[in-house]
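Beneath this line is the structure, given in structure tokens, with notes to follow.
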Amino acid sequence: MAAVFFFIAGIGAIVGAIGVATLPNPFYSVLALVFHLLSLAALFLLLRAEFIAAAQVVVYAGAVMVLYVFVVAYVGAQDEPVRPAGGPGLRVASIVFAGLLAVELLIAILGSGLKGIDGEGAPYEPGFGSPAAIGELLLTRFLFPFEVASFLLLMAAVGAVVLARRRGGLEGSDEEYVHPIPTRVPLGAGTIAEGVGDINPTASLQPSAITAARGVDPDDERERTPAIEERGRPAATPGADRDGGGW
Amino acid sequence: MNIGWYLTVSALVFSIGAAGVLTRRSPLVILLCLELMLNASNLALIAFSRMWGNGDGQIFAIIVLVVAACEVCIGLGLVVAMFRRRLPIDVDEMRELHG
């Protein structure tokens, strides 16, 4: 029974891999990779790695592939042009290279003479590959790699944000920000004088106030400022003066 | 099933991934083929873990999973940055390093 499952999953994994490498549309490549990952998760289950199979399906085939689909949709999933990469000679050479790599790996695996690869594997404890066993290993023997991996993830997240952020040199972002309503902020706005009602900021938003503010020349403003201060001060200053006088 | 069969599948998937990295031109698909190669190594690690009846290989596979996630993160960030700068999404056209 295990042999049947193995061949179904193994052929699925290889077919998915070929689909990723050969389909012209990146979107279909992503879907082929999802199929490949699901087949691979079945192989992991056959190897008694339950936790990794679940993590593969949830994290990889779920989250990471959704990220891929988003980016493919953002960039636009157009087919690759038919022009081969660097000429047809290089393409043939690279395929030949990959074939030789496969042959070499198979010779290295099957000709290694290891006794272990001819068997079903060593006997294992009942909890082998369960989340409890993985968690215990991660938090005892492999605590340091675990922490280093978390730092690596943090750095990758920061790096991705830095890479993908909008830069100042892009078109359209060079103009200064122009306020849609051309008002001049009345002098003293945002101060205590406004708080006690000496200035009415909403009044300046009326059309008449805008034209008035535009027509105002700096001298006018300078005249207005002392008036505000004269009206704003008398309540506060006498007490302050009295206190100060004691010293 | 013998462990050797799993290793055979792993070797084939790794070679297919290598062929994809060498022949494709879209950086998105090259990243996908890199994922294939990493997954092939994961399969080999877990097969060896089963061979020894020891959980260490599975921890190794989890670390590989983390590294693959980081690689996806940075790679897709690069692709998005290329797209934002109106560069062609084609590794043959990317010959210069300066921004």
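Order-wise, the sequence lines are chains C and W. For what it's worth, our numbering labels the leading residue of the first sequence as 8, then goes sequentially. For what it's worth, our numbering labels the leading residue of the second sequence as -14, then goes sequentially. Think of the CB as a built atom: it goes at the ideal place given N, C-alpha and C, for glycine as much as any other residue. Please read all numbers here as calculations on a predicted model, not as lab measurements.
- Shown here for Arg55/C: same chain residues with a beta carbon closer than 7 Å to its own, the five before and five after excluded, namely Tyr131, Phe135 and Gly136 in chain order.
- Interface flag for Glu20/W against chain C is set, since a Cβ pair is found closer than 9 Å.
- In the three-state DSSP reduction, Asn24/W falls in the helix class (H, G or I).
- Distance between Gly118/C and Ser(-5)/W, taken at the CA atoms: about 16 Å.
- Taking CB atoms only, Met(-14)/W has a neighbour in chain C less than 9 Å away.
- Under the Cβ criterion (8 Å, minimum of three pairs), the region 39 to 54 of chain W counts as touching the region 50 to 68 of chain C.
- Under the DSSP assignment, Tyr81/C falls in the alpha helix (DSSP H) whose first and last residues are Met72 to Val82.
- By a beta-carbon distance limit of 8 Å, Gly2/W contacts Ala25/W. Their separation comes to about 6 Å.
- Judged by DSSP secondary structure, Ile124/C falls outside any alpha helix (DSSP H); it is assigned neither H nor E.
- Residues of chain C with a Cβ closer than 7 Å to the Cβ of Met36/W are, in chain order, Gly123, Ile124, Gly128 and Ala129.
- Residues of chain W whose Cβ lies closer than 8 Å to the Cβ of Leu159/C are, in chain order, Val51, Val52 and Cys55.
- In this structure, DSSP gives Tyr131/C a state outside helix and strand, which the three-state scheme calls coil.
- With a 10 Å radius around the Cβ and a threshold of 16 neighbouring Cβ atoms, Gln43/W comes out buried.
- For Thr29/C, the enclosing alpha helix (DSSP H) starts and ends at Ala9 to Thr29.
- C-alpha of Leu52/C to C-alpha of Met72/C: approximately 21 Å in a straight line.
- Per DSSP, the continuous alpha helix (DSSP H) segment holding Pro152/C begins and ends at Leu150 to Ala171.
- At a cut-off of 9 Å between C-beta atoms, Arg9/W counts as an interface residue with respect to chain C.
- Membership of Glu57/C in the alpha helix (DSSP H) is indicated by the continuous run Glu57 to Ala62.
- The beta carbon of Ser26/W sits no closer than 9 Å to any beta carbon of chain C.
- Distance from the CA atom of Pro31/C to the CA atom of Val22/C, rounded to whole angstroms, is 15 Å.
- Closest by C-alpha distance to Asn39/W, out of Ala48/C, Arg148/C and Leu40/C, is Arg148/C.
- DSSP places Thr(-7)/W in the uninterrupted alpha helix (DSSP H) bounded by Ile(-12) to Thr8.
- Assigned with DSSP and collapsed to three states, Ser101/C falls in helix.
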